[in-house]
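In terms of the UniProt record's numbering, the numbers along the first sequence are unbroken and rise by one, the last being 126.
A quick write-up on the structure given underneath.
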Amino acid sequence: MPRPAATTAAAAKASSRKKAAAPEPKATKAAGRKKEAAAAVAEGKVTKKRSKKEAGGPKRARSAYMYFSQATRQEVKKDNPDASFGDIGRLLGEMWKNMSEKDKSPYKELADKDKNRYESEKAAAA
DNA sequence: TATTTGATTGTTGGG
DNA sequence: CCCAACAATCAAATA
1 MPRPAATTAA
11 AAKASSRKKA
21 AAPEPKATKA
31 AGRKKEAAAA
41 VAEGKVTKKR
51 SKKEAGGPKR
61 ARSAYMYFSQ
71 ATRQEVKKDN
81 PDASFGDIGR
91 LLGEMWKNMS
101 EKDKSPYKEL
111 ADKDKNRYES
121 EKAAAA
């Protein structure tokens, strides 16, 4: 995995506050995803299950691809009315990699802003 | 401390 | 109600 080592981008700029009431603890796909973790544990790959849903509150920031899918999914569906979820996703990812960083910029901006918002929520929840 | 890997984010439609 | 592929990103856990 070619990941930039030493990614210590700890820009803790907690200023704005966001009240997270969280009346209904919806575990989205967490429970479902957990099954993979459970399977991994069963195989003995991981010693302990990395339950990440411990802290119930601030949802994670959406990636640029998340915004991209929101913005493009309808267009792709329009061009491919017969395409199902998997087809759309596959094609979507293909075009995502196809577009240049400049095109991804707007989505990255959204992702960046959401990340900032996530930091605020996290800080507020803490 | 650095790397790794699991978990989470969002979409739609179906089982 | 949960999962399917896709990419990105974070955070816990391990080496």
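Idealized CB from N, CA, C, for every residue including glycine.
To the nearest angstrom, report how far apart residue i and residue j are at their CA atoms.
i           : j      : result
Val76       : Ala83  : 9 Å
Ala61       : Gly89  : 20 Å
Lys108      : Ser63  : 8 Å
Ala71       : Phe85  : 15 Å
residue 142 : Glu94  : Because residue 142 is not part of the residues shown, which for the chain are 1 to 126, the question remains open.
Lys115      : Glu101 : 18 Å
Ser120      : Lys59  : 11 Å
Ser69       : Ala123 : 28 Å
Arg117      : Lys78  : 32 Å
residue 132 : Trp96  : Here the chain comprises residues numbered 1 to 126, so residue 132 is not present and cannot be evaluated.
Would residue i and residue j be called neighbours here (beta carbons separated by less than 8 Å)?
i      : j     : result
Asp87  : Asn80 : yes
Arg73  : Leu92 : yes
Leu110 : Tyr67 : yes
What alpha helix (DSSP H) runs, 4 residues minimum, are completely inside the UniProt DNA-binding region "HMG box" (58-126)?
64-79, 85-98, 101-125
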